[in-house]
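Numbering (the working numbering), first residue to last: 2 to 222.
I have placed the structure first, in the form of structure tokens, so that the comments after it can refer back to it.
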């Protein structure tokens, strides 16, 4: 029977290093079940979930875990989302008519279809670009409608608007808030809002917090 000191001497390993590695191994074992759950969620969604969405899914399953822990474990396991969000800047100067900021960062709503917000974001999906244009209802955070496209053309936003308007009742005329992107300055877009009785609202130039709910939504994708 060899003593611990003798074995450490043979391995030329300091006692402090041995105990550090032993503790690290125990920590790893402690996360074994969590790692298995993370891997199962990641695989079931075909690698499209990043650490934030994996954390949210774990919470739904009753596992209370910090997102930083999930982020660290996923990094250690080599699990990286294939979908990478990237800030898409659609502002190209005054391409048309801008609108005042009617929301003034008052993002609460007392009923559905009273205040809507929209924006466009860009993703990298397996090396290819994909653009997403959603509309969110500020009453409950529901995504009322959305459209995706390989190019950030006006048709994408126009199709999204068609889907959103179809969700409205006859007397529902929400404020539609966006940034000053060129799509929202287009006369064709503005004519459709006017025809349906919607009020257009725009963030001040360079003030992303004026559309904070949409920014927050993109951050968790």
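Using N, Cα and C, we set each Cβ at its ideal position, and we do this for glycine too.
| task | Would you kindly work out how many angstroms separate the C-alpha atoms of residue 34 and residue 188, rounded to a whole number? | result | In the chain shown, the residue the question calls residue 34 occupies position 33. In the chain shown, the residue the question calls residue 188 occupies position 187. Cα to Cα, the separation comes out at about 55 Å.
| Is the distance from the Cβ of residue 52 to the Cβ of residue 71 below 8 Å? | Sequence index remark: in the chain shown, residue 52 carries index 51 (1-based). Sequence index remark: in the chain shown, residue 71 carries index 70 (1-based). The Cβ-Cβ distance between residue 52 and residue 71 falls below 8 Å.
| query | By Cβ distance below 8 Å, which residues in the same chain neighbour residue 155 in space, the five residues on each side in sequence not counted? | reply | For this step, residue 155 is matched to residue 154 along the chain shown. Same-chain partners within the cutoff: 184, 187, 189, 190.
| Closest Cα partner of residue 210 within the set 64, 100, 106, 172 | The residue labelled residue 210 in the question sits at position 209 within the chain shown. For the residues 64, 100, 106, 172, the minimum Cα distance to residue 210 belongs to 106.
| field | Coarse secondary structure for residue 69, derived from DSSP in three states | value | Here residue 69 refers to the residue found at position 68 of the chain shown. DSSP places residue 69 in helix when its eight states are reduced to three.
| field | Buried/exposed call for residue 69, threshold 16 Cβ in 10 Å | value | Within the chain shown, numbered from 1, the residue matching residue 69 stands at position 68. Burial call: exposed.
| task | Report the partner residues of residue 130 according to the DSSP bridge assignment. | result | By 1-based counting over the chain shown, the position of residue 130 is 129. For residue 130, DSSP records a beta bridge to 125.
| task | Would you check if the distance between the CB atom of residue 118 and the CB atom of residue 212 is smaller than 8 Å? | result | Your numbering for residue 118 matches position 117 in the chain shown. Your numbering for residue 212 matches position 211 in the chain shown. Taking 8 Å as the Cβ cut-off, residue 118 and residue 212 qualify as a contacting pair.
| message | If you measure between the beta carbons of residue 200 and residue 59, is that distance less than 8 Å? | response | Sequence index remark: in the chain shown, residue 200 carries index 199 (1-based). Sequence index remark: in the chain shown, residue 59 carries index 58 (1-based). It is not a contact, given that the beta carbons lie outside the stated cut-off.
| Given residue 135 as reference, the closest of 208, 159, 175 once Cα atoms are compared | Here the question's residue 135 lines up with position 134 in the chain shown. The residue with the shortest Cα to Cα distance from residue 135 is 159.
| said: Once DSSP output is grouped into helix, strand and coil, what is the label at residue 135? | reply: The residue you call residue 135 lines up with position 134 of the chain shown. Shown here, residue 135 sits in a strand according to DSSP, grouped into three states.
| Could you give the distance in angstroms between the alpha-carbon of residue 44 and the alpha-carbon of residue 79? | Counting from 1 along the chain shown, the entry for residue 44 is found at position 43. Counting from 1 along the chain shown, the entry for residue 79 is found at position 78. Distance between residue 44 and residue 79, taken at the CA atoms: about 13 Å.
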